[in-house]
Structures are given as structure tokens and as C-alpha cells.
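As C-alpha cells, the structure follows; a few thoughts come after it.
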Amino acid sequence: MTSATPAKKPYRKAPPEHREMRLEAPGSQLEQQESLTDADTERMKLLQQENEELRRRLALATRRTEALERELEIGQDCLELELGQSREELDKFKDKFRRLQNSYTASQRTNQELEDKLHTLVTCPRGQSGWHCAHSIAGG
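The sequence shown begins at 0 in numbering that gives the first Met the number 0 and counts up by one.
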């Protein structure tokens, strides 16, 4: 047989944000402060000094980091400017190269035509200086 009563769930503590806040009695805080020994007071002063030193170091590190960030940004700007100038220069060199290549190709064609005419002139029979030899040189 089974029982009709449901099983109990285990107790779970509420998270801190849902717990009831209890204020201490004002007298207990004073009692705690009065009960601090000189060693405790000295330790607290040392911890406060250490805290101030850590804050000073953090501020210094933050300033250094910000300075490095500015330096990095300036460096990036300079590099981007230099890259743009280099690209422009590369485009100019490409254009010069294309013009030189076209000029070279045209010179090769002209040289080939002149070579063909010279070859025709050399191969013409010596006694034949008439229309046929002159036409083959001029007509290419």
C-alpha cells in the first residue's frame, strides 16, 4: 500500500537577495570598535596604506595603458597613411610598366618588319632591281 501523504522536500536556504536584512544593535558596533586592540588598529592602518599604494599603482598603470593606446592609435594612423601612399606609388609603377611593355611590343613589331624588309632586300637577285623587288620590300 502506498501512503497518500506527499514526500517532504528538503529545506533550502533563500539566496542572499531574498533574505531578510537584520540590523545590528547600535551598541554592539561600538563594543566591537572598543574591543579592537592596538595590534588590530595598527594592522588596519597598514592595510589602509597598502590599499592606497595599490590604488596609486593602479592609477599609474591605467595612465600608462592609456598612453600606450594613444601611441598605438597614432602608429596605426601613420601606417595607414603610409600604406595609402605605397598603393598610389604601386599604381604609378604599374602604369609605367604597362606603357613600357606596350612600347617594347611596338618596337619589337617595328624591328620585325624592318628585319623582314632587310631580308627581302638581301635575298633579291642583284640584277633584279625592278618593280618586283621594290614591291616586295615596300609591301612587306
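For every residue, glycine included, the Cβ atom is placed at its ideal position computed from N, Cα and C.
Remember, it's a predicted structure, so these values are computed and weren't measured experimentally.
Note on geometry: alpha-carbon atoms of G74 and L67 lie some 10 Å from one another. Q84 and T61 have their C-alpha atoms spaced approximately 35 Å apart. K44 and R56 have their C-alpha atoms roughly 18 Å apart. DSSP places K12 in the coil class of the three-state scheme, outside both helix and strand. In the three-state reduction of the DSSP assignment, T36 falls in the coil class.
Taken through DSSP and simplified to helix, strand or coil, C123 comes out as coil. Taking C-alpha positions only, S102 is separated from E112 by approximately 15 Å.
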